[in-house]
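First comes the structure, then the notes that go with it.
Shown next as structure tokens:
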């Protein structure tokens with residue numbers, strides 16, 4: 001019994017030892033599994049962090065290359081109008097279509113820091129010379145500078161400035177800057193994390209934070225060092241990631257990966273929260289430990305048999321766990337690869353029309369619709385334009401049991417359209433019919449967008465080349481022509497088709513071909529990307545007709561896909577050289593005019609500052625030409641001419657004035673000088689005055705001569721008036737003498753002869769009577785001549801009855817003597833005008849009637865006398881042959897006309913003559929008299 005009891009005790013001890021060993025082995029197994037799974041999770045997280053860092057760094061690098069390309073393009077567009085800069089800004093936005101708000105501002109600053117352009121449109125008066133982004137380029141080095149985030153001076157928000165210097169002729173001429181939004185750049189980084197458990201940081205070359213994907217952490221870390229990356233040593237992280245603590249200063253552990261952005265000095269940091277990654281596995285491990293404790297208790301209660309069973313189960317469990325671990329590792333790696341590559345695998349059970357997915361397809365199908373709460377059918381999400389083609393290809397695959405590949409568009413539930421590449425494999429069942437279809441779907445949306453952008457870029461480039469005014473020729477490494485644009489056809493006279501494959505040397509004169517080949521060869525060996533050809537940038541080309549032309553040439557070197565290409569841009573400058581020669585000749589002619597002109601010539605700017613003066617002007621002012629440069633005309637020579645010049649600038653009209661008086665302020669001893677002045681505004685392309693051409697001619701001598709002539713003429717007119725007064729006085733005296741003495745004597749003699757005739761008749765002395773009658777006729781004729789002479793000397797009707805009566809007597813005598821029809825109409829002038837006016841009008845009418853009878857061949861003459869309010873008008877018209885009043889200068893009538901004008905001028909009478917050949921003549925006299 002004791003031996004049996006001992007056996008039981010031994011057996012019990014053995015069972016106890018076995019159970020204890022089993023429990024210990026189970027505890028060790030659980031801990032080992034936990035450590036293995038944790039190591040696997042860490043490995044997966046490190047790999048994922050490295051992949052995310054590499055993807056984000058690649059995208060940031062692409063954005064920065066687009067930014068840097070546009071900044072370099074500013075050098076070509078610098079000085080061009082605003083639309084060219086707007087086009088560059090649009091190009092920046094087009095380079096990141098997923099986030100157009102990323103661009104805050106595109107600006108260009110001059111060498112003094114003044115903004116000359118801003119895409120925000122408010123550049124006037126803004127200076128950035130105090131900004132680090134501007135000062136960083138004052139050393140003249142050509143590099144891309146990335147500044148720490150700062151508040152934009154125009155945008156007013158946090159901005160990251162990417163700047164490059166604008167170099168003109170190797171010298172600093174300003175900066176071009178692109179400001180990106182830290183918030184939107186952080187969002188771009190965050191878009192690479194589909195699981196939303198990663199945080200991204202973009203660090204500058206000095207380690208400061210440029211942006212974070214976390215909106216919560218970003219304000220606290222912008223422009224500062226990450227606590228876990230505050231030294232170069234701490235930033236030396238492997239690209240695949242590592243576990244570290246204190247990255248954000250909160251003590252939490254993160255799986256961190258670091259990837260530098262190529263050629264920028266920037267780096268992308270990706271941090272995965274290790275605690276969040278472990279959380280679901282820790283819960284599983286706690287449940288497993290609890291189950292193990294229960295199992296251990298059951299083992300103790302069940303005894304040795306249960307312990308043995310548990311040991312066997314433990315061994316089986318260990319094998320199963322190892323298999324599951326390997327499978328889980330493979331599945332996790334496959335899932336990471338699919339997620340990173342945006343790929344998914346689905347299994348379509350054809351008979352059941354049921355789909356099984358290798359991964360959650362939300363990224364593909366989109367969120368659940370809010371109303372239905374379930375996804376639409378797979379085929380319903382195929383783009384309508386591609387659905388028929390998709391279904392037909394699927395039907396062919398099922399019918400032929402052969403896999404196919406196709407591309408089509410897929411519409412997510414939120415409306416986003418994806419491009420998918422589908423690879424199908426059909427599996428047949430026992431009956432040889434299609435039973436399952438395995439489909440691998442790959443998101444190729446990015447590739448399609450890139451292909452479309454490439455196609456658009458190629459089309460744009462082709463459009464630019466075909467519409468360019470310059471000739472653009474592309475040659476290969478053998479210097480044979482690959483492309484020949486329309487402008488090249490126009491300039492050289494060849495068609496593009498006939499030039500393809502021919503050596504480019506045929507476009508050069510024979511004497512220059514060897515040197516050109518050597519030049520292009522050296523250029524290709526040096527590896528430069530762009531250079532001007534010729535000195536300075538000019539070559540000689542050969543047209544198809546053998547004519548030589550001068551060309552400006554620039555050659556560019558492009559290497560892609562292992563092939564070398566050279567693009568040559570040529571501009572025909574033959575006409576420009578001729579124009580430049582004409583400009584030089586005109587400049588020389590202008591210089592000769594300014595140096596040798598007799599009249600004074602002055603070129604002024606729009607504010608009347610001297611630009612150039614002629615030698616004659618400097619001599620007239622007795623100054624050296626250098627004294628005028630940069631000085632204002634009216635500060636040097638103040639006068640009231642400034643008001644007239646200002647009016648000419650406002651009206652943009654030519655100003656001209658003759659004999660303008662001027663006194664030189666620095667030479668008052670010269671007295672008053674007189675000048676003929678002309679001021680011609682010269683307008684610019686905008687229609688505003690840019691310059692003035694001032695011409696001056698010293699006419700002081702002419703004015704003095706005119707004054708002397710005027711004085712002589714005045715003396716002559718006074719003398720002539722005096723002579724006419726003497727003449728009229730003598731005429732009145734002669735008329736009185738004829739009337740008082742000769743007239744009375746002749747009348748008495750006539751009376752005596754009449755009485756004698758009566759006596760002779762009574763005595764019937766026939767012979768004496770005839771002689772007496774003849775004597776009476778002669779005496780009567782003598783009395784008539786005496787009366788006519790008295791009327792001509794001093795018409796009695798004019799003195800007694802006025803002008804109208806005198807004109808009637810004059811017309812009656814004119815009709816009697818000439819047999820020409822003549823009439824007079826008019827008003828009786830009351831009160832009578834001054835004697836001078838009456839007598840002058842009478843004499844002019846007398847002369848006009850004389851001209852009508854002698855020279856005009858008139859058949860009718862009309863006189864009209866009219867009186868108005870303070871005016872008297874006398875019109876004499878005839879129907880004669882007329883004459884050209886403007887050309888009257890030769891022949892007899894001009895003396896009569898001159899006499900008329902002199903009489904009218906002396907009496908203050910306005911005289912006008914209207915006559916033309918064949919239209920007769922009309923003479924109008926108008927005098928102003930006070931009532």
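In this note's numbering, the protein residues as written are 1 to 931. Cβ coordinates follow ideal geometry from the N, Cα and C atoms, glycine included. As the structure is a prediction and not an experimental result, all values here were calculated from the model.
The beta carbons of residue 182 and residue 210 sit about 7 Å from each other, so the pair counts as a contact at 8 Å.
By the beta-carbon neighbour count (other beta carbons within 10 angstroms, threshold 16), residue 903 is buried. Per DSSP, reduced to three states, the secondary structure at residue 821 is strand. Residue range 445 to 467 is occupied by the alpha helix (DSSP H) that includes residue 448.
Bounds of the alpha helix (DSSP H) holding residue 591 are 574 to 596. Shown here, residue 353 sits in coil according to DSSP, grouped into three states, outside any helix or strand. Uninterrupted beta strand (DSSP E) stretches at least 3 residues long and entirely within the segment 604 to 633 occur at 610 to 613, given in chain order.
Taken atom to atom, the span from the alpha-carbon of residue 406 to that of residue 273 is near 39 Å.
Note that the segment 103 to 121 touches the segment 164 to 183; at least 3 beta-carbon pairs, one per stretch, sit closer than 8 Å. Each of 207, 825, 213, 173 was checked against the Cα of residue 190, and the nearest Cα belongs to 213.
For residue 222 and residue 216, the gap between their C-alpha atoms comes out near 11 Å. A direct Cα-Cα distance of roughly 22 Å separates residue 120 from residue 173. Separation of residue 444 and residue 511 (C-alpha to C-alpha, rounded to the nearest whole angstrom) is 55 Å.
Around the Cβ of residue 827, a 10 Å sphere holds fewer than 16 other Cβ atoms; the residue is exposed. Look at residue 710 here: in three-state DSSP terms it is helix.
Between residue 825 and residue 864 a beta carbon distance of about 5 Å is seen, short of the 8 Å cut, so the two are scored as contacting.
With contacts defined by Cβ atoms closer than 8 Å, residue 95 and residue 55 do not form a contacting pair. Inter-residue distance for residue 138 and residue 157 is about 25 Å (C-alpha atoms, whole angstroms). With respect to the 8 Å criterion, residue 692 and residue 551 are not classified as neighbours on the basis of their beta carbons. Remark: fewer than three beta-carbon pairs, one from each stretch, lie closer than 8 Å, so the segment 436 to 450 and the segment 467 to 486 are not flagged as touching. Sequence-distant partners of residue 778 (beyond 5 residues in either direction) whose C-beta falls short of 7 Å from its own C-beta are missing from its chain. Just measuring C-alpha positions, the residue of 255, 202, 206 sitting nearest residue 261 is 202. Nearest neighbour of residue 41 by Cα position, chosen from 677, 254, 126, turns out to be 254. Straight-line measurement puts the Cα of residue 521 at about 51 Å from the Cα of residue 440. In the structure shown, residue 667 falls within a coil segment according to DSSP collapsed to helix, strand and coil.
In summary, residue 131 is buried, with 16 or more beta-carbon neighbours lying within 10 Å of its beta-carbon over all protein chains present. In the structure shown, residue 397 falls within a helical segment according to DSSP collapsed to helix, strand and coil. Under the DSSP assignment, residue 688 falls outside any alpha helix (DSSP H); it carries neither an H nor an E label. Counting only the Cα atoms, residue 633 lies some 40 Å from residue 75. Taking the C-beta atoms as reference points, residue 567 is found no nearer than 8 Å to residue 594.
Using a Cβ-Cβ distance cut-off of 8 Å, the segment 571 to 591 and the segment 493 to 507 are not in contact, since fewer than three pairs of beta carbons, one from each stretch, lie closer than that value.
Residue range 209 to 212 is occupied by the beta strand (DSSP E) that includes residue 212. Following the DSSP letters along the chain, one finds residue 837 inside the alpha helix (DSSP H) bounded by residues 835 to 851. If you compare the alpha carbons of 649, 659, 688 with that of residue 706, the shortest gap goes to 659. The three-state reading of DSSP puts residue 76 in helix, counting H, G and I together. Measuring C-alpha to C-alpha distances from residue 820 to each of 861, 844, 801, 840 identifies 861 as the nearest.
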